[in-house]
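Here the structure is laid out as structure tokens; the discussion comes afterwards.
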Amino acid sequence: MNSKPAYRWSSPELPASALYFSPSLGRLWKKVHLACSPFLRRPSVRRLYQKPAPQLLKLLRDPYCLIALGCADGTKEAFLLKKLSKPAYLLAADTNLSLARRAALRLPALKKAARRIDLTTHLPSPIFHLPKPRLFTLFGVLPNLDPLPLLRRIAHRMSHADLLLFSANLAPGRSGFAGARKVLPQYDNPPTRRWLGTAIQAYRPKLPKGRLHFGVHPDPRQKSLARIEARWITPMQNLIVFSSRRPTTAQVETWIQSARLRSLSRFLDPRGEEGVWLVRPAAT
Ligand SMILES: C[S@@+](CC[C@H](N)C(=O)[O-])C[C@H]1O[C@@H](n2cnc3c(N)ncnc32)[C@H](O)[C@@H]1O
């Protein structure tokens, strides 16, 4: 008698894009953002996104291009741009094209475009043919995607005149796992359950009935890195539907070095739950 399970997944983990790709999932994510985002709820976190502006004004020669990676509707970029000169060209790039289009509409620039991209694969080469200098932003994306390969892919295509400004959700304190457990309640709430539940229903092949459970686990590719995961628990198999990496600042700085980038400055929120780094390619 063959006892193979009726359902098999090629991977026990849903790709992050499965949570964002459609307009309706984008709207549900936005509701989570409005209800829970530390950026909207805590002025000290919001300020992190304007603090690099004076240094950017010194380093970025005009005219410059802004390439907003994984920008959703561009809320954080809009806040930063209040303190910068208007970019000559803006590219809003996200797996969710309707959110990227909204970002392109709201962000000031002389010329603009929006496009769908997949940050887990090679970045489309037209991005890298845009005139230099270019400011890349990568806000709120590193928690969801494998961070070191992503930073390497971006760094590999940057020129020395380019800058990258990225954010990371941090585990407060020195122990990543204890810090991640402290912030776990920020994830298990009704709007997040509604968003993830809708993504689970929309997933094909259809997933069996189950329940969502939130917990802290080691990242499968870096065991010392704490990940908050939402798992879909079924009688047959557990599937990771959502994950958010919570590195320590030391771990982020190791990624920067390993990606052959150089940190120019870093800005941390007083609770140590979020940080923004300004980096450029390391000199060869
Ligand atoms: C947590 S949201 C952050 C959005 C926004 N930058 C912010 O900080 O508020 C993650 C963003 O990454 C995008 N994203 C997720 N996976 C992606 C992928 N594989 N390629 C491109 N964008 C992706 C999502 O659509 C979403 O806009």
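Numbering (my numbering), first residue to last: 857 to 1140.
Ideal Cβ positions, reconstructed from N, Cα and C, are used throughout, including at glycine.
If you count every other CB in all the chains shown that lies within 10 Å of the CB of residue i, and 16 or more means buried, which is it?
i	result
residue 951	buried
residue 1133	buried
residue 1131	buried
residue 1121	exposed
residue 865	Confidence at residue 865 is low in this model, with a pLDDT of 41, below 50, so its placement is unreliable and no value can be given for it.
residue 1101	buried
residue 1040	exposed
residue 977	exposed
residue 1028	buried
residue 1103	buried
residue 982	exposed
residue 932	buried
residue 1092	exposed
residue 997	buried
residue 941	exposed
residue 1094	exposed
residue 856	Residue 856 cannot be examined here, being either before or after the span of the chain that is shown, 857 to 1140.
residue 873	buried
residue 1136	buried
residue 1139	exposed
residue 862	Because the pLDDT of residue 862 is 37, which lies under 50, any placement of that residue in the model is unreliable, and the number read from its coordinates should be weighed accordingly. Residue 862 is exposed by the Cβ-count criterion.
residue 943	buried
residue 884	buried
residue 922	buried
residue 890	exposed
residue 886	buried
residue 908	buried
Assuming contact is defined by CB atoms lying nearer than 9 Å, are residue i and residue j in contact in what I supplied?
i	j	result
residue 1107	residue 1081	yes
residue 835	residue 957	Any property of residue 835 remains undetermined from this structure, which presents the chain solely from 857 to 1140.
residue 963	residue 992	no
residue 1089	residue 1067	yes
residue 946	residue 960	yes
residue 1021	residue 936	yes
residue 1025	residue 869	no
residue 995	residue 905	yes
residue 1069	residue 1087	yes
residue 1078	residue 975	no
residue 955	residue 876	yes
residue 1031	residue 989	no
residue 1074	residue 1123	no
residue 1008	residue 979	no
residue 901	residue 895	yes
residue 1052	residue 984	no
residue 939	residue 916	no
residue 1110	residue 881	no
residue 1047	residue 892	yes
residue 1072	residue 1049	no
Going by the DSSP bridge assignment, what does residue i pair with across the sheet?
i	result
residue 992	923, 1020
residue 1133	1022, 1122
residue 1138	Bridge partners of residue 1138: none, in fact.
residue 949	925, 971
residue 1117	1137
Report the start-end ranges of each alpha helix (DSSP H) in the region 1025-1108 that is 4 residues or longer and not cut off at the edges. 1032-1039, 1046-1058
Quick check for students: name the residue ranges of the beta strand (DSSP E) that lie wholly in the region 967-1011, counting only runs of 3 or more. 967-972, 990-994
Enumerated in chain order, which unbroken segments of the alpha helix (DSSP H) with a length of 4 residues or greater are wholly contained in the region 868-940? 879-892, 894-897, 899-904, 909-915, 931-937
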